[in-house]
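Respectively, the protein sequence lines represent chains A and B.
In terms of the working numbering, the first sequence opens at residue 24 and continues consecutively.
In terms of the working numbering, the second sequence opens at residue 36 and continues consecutively.
In this text, a Cβ means the ideal position worked out from N, Cα and C, and glycines have one as well.
A short worksheet on the structure shown next.
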Amino acid sequence: MPNFNLDAKKGNTYDAIVIGSGISGGWAAKELCERGLKTLVLERGRDVKHIVDYPTANKHPWEFEFGGKLPLEKQAEFGRRGARIHESTAHFWMKEGEQEIVQEKPFQWTRGYQVGGKSLLWARQTQRWSDLDFEGPARDGYAVDWPIRYQDLAPWYSHVEKFSGIAGNYDGLPQLPDGEFLKPFDLSCVERHFQKVIAANYKDRHLIHGRCAHVTEPQEIHLQQGRAKCQHRNLCNRGCPFGGYFSANASTLPWAERTGNMTLRTHAVVHSIIFDEEKGSAVGVRIIDANDMQSYEYYAKIIFCNASALNSNLILLNSTSSRFPNGLGNDNGLLGKFISWHNYRGQISARSEQFSDKMSKGKNPSHSYIPRFRNLNRQETDFLRGYAVGFGSSARAVQFSRAGIGEELKRNLFDRRLGHWWVSGWMQGEVIPIESNHVRLHEELKDKYGIPQLVLSCDWTENDDKMVKDYMEQMTEMFEKAGFTEINARDSGSAPGSDIHEMGGVRMGNDPKTSLLNKWNQLHHCKNVFVTDGACMTSTATQNPSLTYMAITARAANFAVDEINRGNL
Amino acid sequence: MMKSLAITVWGMMAFPGCKPGEIMDENVLVKSLPLTEKQRLNLEKMVDTFLPETDTLGAVQLNIHRFLDKLIANCYPEEEQKLFVNGLDLLEGIAQDTFLKSFDSLGISDRENILLGLDNEDADEGKSFFDFSKEQVILAFTSSEYFLTNYTNYEMIPGGYDGCVDVPEVPFKV
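Right under this line is the structure:
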């Protein structure tokens, strides 16, 4: 009699499993497949194939059936947000009820549950960390020391930058190391002016071109991926048919598929990682199929957890066994703790009276950027760390009046003129990870897949409030020096998470007593499980995080293959 | 000259009678508001009053009355649909009270005066009906292919970005 269980297990066995197909999961898949590992990629949502599954990518405004508004029955699928979601990107939003959570404190958790994850929706800004960031916790006495330094990651930054295509300017700033850049997007007249004003008034402050994952000069490696030059459509979040910006869908996943080593399993909601008590290691992943609601198991030598920061926490917390009753690798009880994110509360806008004889042409999918200047080389304020600033002034507003009705209104609508240059700045502050900011499993409540609901309990601290105040003061001063008018600096008071940069909970560190992952992103106590998405972050620095996840993932994936080849995994 | 201008009218694709092959999403059953013939005519005349045909096309030529019907019927909750239909009745009521005629049979200046009478904080429901209708007509008109491709610098694929160029001395579209 054939052993069906054994056969099934054989058919469900791979060399590696990657949980999640987003920005970091795509990189894990690419590296593992290229190194010859038969790799199963698990994605809880539906497939989104490059180009073919971008249904709105080429639609003109007048081609949306309801002018962009969703019909009521589609609005209802998204709950309260439904009325505000535009038809052009509705297909990439998570539907209401897909994963219920408990907000013990308000937390805006944005999830991209489809193949490609949030890499379809991201803001595409990509800056390297420097040792001023990696050494931050050690210098300023928070979190734990990072087990890696810039030199550990630098070659991997280069590795992922060359493949992804990063536009940027060589600025030579120690706090924001240069990368492998394609030519940057232009700065506008106002941005150039602000750049000069800052340089003339502040020694440590610099306005630079945004560094972003857009192919401005396609190289052979991008053409091989089937990607072309960015066309400046600024319709990125509909999916880009040119592959002009980096997404897992346009880049890493098709590359991995081409090796013949990747199997993509969609509608696979990961329940937990299976730990084998006898082997003392993880042996596979248990999923719930979102269509038939049945449980399935897949097996592999190594597992990469790239489910997105908070969902990776959830999966590990839910991976319990006699050895790990509190979650996989969680001997010290710190799993799910020290969650942090970026503080985007500080906002500022103003008008520029200058350059009325100048304008811009075309569209800029990026913006400019001011790297962190507070507490850079020494502590100088009453708060820890600092903030970077995104700054935008790409085009003059178009002005027309809406006054009157009839012929008067018509004349007004046709009387379009160039308006003023407006400028805006947004804060990207480092949030200090503290133990009380945490996620945990709810003891009773489950989601529709029978998976415990995640309780989110994160809040601002006084350090964040002080930083917002300083941002508003400093930016106002800089705007005044630039001659901007109608300056409006404000604290948006937004909830944690609205930055979509949530990190931590499974932090890296040297000491298994105070961290979950070692310097290679292996769980200290379960070495064949690697966590390389935002969950692994010991601290957040001020940079947009995706590039660092990519580099950390590529580094860990290559290490994992080396370890397999050395017989250690 | 008109023939050389690009014209696509709002709502074409929603009307199987016009272009049966172009219903974009078969899962969406496109509904219409439950309007009487009079309400339908008044909607058309209201849209025409906001943006009449002049030396350029008006809102009715761009089918914006049919677009609004479809938009409100499919994308707004029932209470708001009712408020909108009530607004159309309000126009009819004022026309009957003032001119002893139907709104749709009035000349443009009388129709303008009725609508402007609603553009007044004291008009309560009338004011919100006026504001909503005007905004929707403006949105639809300024997103139309006719308007964007003929009267603005609309370009789906600019292909590049120059951050600082001189404002041309000759007239240009913005």
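Helix, strand or coil for residue i? Go by DSSP, reduced to three states.
{"i": "residue 205/A", "result": "strand"}
{"i": "residue 202/B", "result": "coil"}
{"i": "residue 582/A", "result": "helix"}
{"i": "residue 20/A", "result": "A query on residue 20/A cannot be resolved here, the shown segment of chain A reaching from 24 to 592 and no further."}
{"i": "residue 327/A", "result": "strand"}
{"i": "residue 197/B", "result": "strand"}
{"i": "residue 332/A", "result": "helix"}
{"i": "residue 114/A", "result": "helix"}
{"i": "residue 218/A", "result": "helix"}
{"i": "residue 125/B", "result": "helix"}
{"i": "residue 244/A", "result": "helix"}
{"i": "residue 293/A", "result": "strand"}
{"i": "residue 105/A", "result": "helix"}
{"i": "residue 135/B", "result": "coil"}
{"i": "residue 47/A", "result": "helix"}
{"i": "residue 312/A", "result": "strand"}
{"i": "residue 61/B", "result": "Interpretation of residue 61/B is limited by its pLDDT of 47, a score under 50 that renders its predicted location unreliable; no figure is taken from the coordinates."}
Which residue or residues does DSSP assign as beta-bridge partners of residue i?
{"i": "residue 235/A", "result": "148/A and 190/A"}
{"i": "residue 354/A", "result": "Answer is none; residue 354/A lacks a bridge partner."}
{"i": "residue 304/A", "result": "299/A"}
{"i": "residue 41/A", "result": "64/A and 327/A"}
{"i": "residue 36/A", "result": "322/A"}
{"i": "residue 284/A", "result": "Its beta-bridge partners do not exist; DSSP assigns none."}
{"i": "residue 98/A", "result": "Bridge partners of residue 98/A: none, in fact."}
{"i": "residue 411/A", "result": "451/A"}
{"i": "residue 392/A", "result": "231/A and 413/A"}
{"i": "residue 365/A", "result": "453/A"}
{"i": "residue 125/A", "result": "478/A"}
{"i": "residue 373/A", "result": "446/A"}
Taking 8 Å as the CB-CB cut-off, is residue i touching chain B?
{"i": "residue 241/A", "result": "no"}
{"i": "residue 574/A", "result": "no"}
{"i": "residue 191/A", "result": "no"}
{"i": "residue 439/A", "result": "yes"}
{"i": "residue 75/A", "result": "no"}
{"i": "residue 208/A", "result": "yes"}
{"i": "residue 215/A", "result": "yes"}
{"i": "residue 436/A", "result": "yes"}
{"i": "residue 429/A", "result": "yes"}
Can you list, in chain order, the residues of its chain whose CB lies under 8 Å from that of residue i, leaving out five sequence neighbours each side?
{"i": "residue 88/B", "result": "95 and 96"}
{"i": "residue 277/A", "result": "73, 248 and 249"}
{"i": "residue 209/B", "result": "187 and 188"}
{"i": "residue 511/A", "result": "371, 372 and 373"}
{"i": "residue 581/A", "result": "54 and 58"}
Kindly list the residues whose CB is nearer than 6 Å to the CB of residue i, restricted to its own chain and excluding five residues on each side of it in sequence; keep chain order.
{"i": "residue 338/A", "result": "293 and 330"}
{"i": "residue 424/A", "result": "435"}
{"i": "residue 132/A", "result": "520"}
Are the C-beta of residue i and some C-beta of chain A separated by less than 8 Å?
{"i": "residue 200/B", "result": "yes"}
{"i": "residue 168/B", "result": "no"}
{"i": "residue 120/B", "result": "no"}
{"i": "residue 195/B", "result": "yes"}
{"i": "residue 178/B", "result": "yes"}
{"i": "residue 187/B", "result": "yes"}
{"i": "residue 109/B", "result": "yes"}
{"i": "residue 112/B", "result": "yes"}
{"i": "residue 153/B", "result": "no"}
{"i": "residue 99/B", "result": "no"}
{"i": "residue 82/B", "result": "no"}
{"i": "residue 72/B", "result": "no"}
{"i": "residue 79/B", "result": "no"}
{"i": "residue 175/B", "result": "yes"}
{"i": "residue 115/B", "result": "no"}
{"i": "residue 156/B", "result": "no"}
Residue i versus chain D: which residues are under 8 Å apart at the beta carbon?
{"i": "residue 433/A", "result": "As a matter of chain content, chain D is missing from the structure shown, whose protein chains are A and B."}
Which same chain residues, not among the five before or five after residue i, have their C-beta less than 7 Å away from its C-beta?
{"i": "residue 102/A", "result": "119"}
{"i": "residue 348/A", "result": "none"}
{"i": "residue 508/A", "result": "373, 374 and 376"}
{"i": "residue 244/A", "result": "185 and 186"}
{"i": "residue 312/A", "result": "290, 291 and 319"}
4-residue-minimum alpha helix (DSSP H) runs that sit fully inside the region 423-465 of chain A, ordered along the chain: 430-437
Whole runs of the alpha helix (DSSP H) within the region 137-190 of chain B, excluding any shorter than 4 residues: 143-153, 160-177 and 180-186
Runs of beta strand (DSSP E) wholly within the region 482-514 of chain A (minimum 3 residues, chain order): 508-514
Ranges of the beta strand (DSSP E) found wholly within the region 524-571 of chain A, counting only runs of at least 3: Fully enclosed beta strand (DSSP E) runs of 3 or longer: 526-528 and 549-554.
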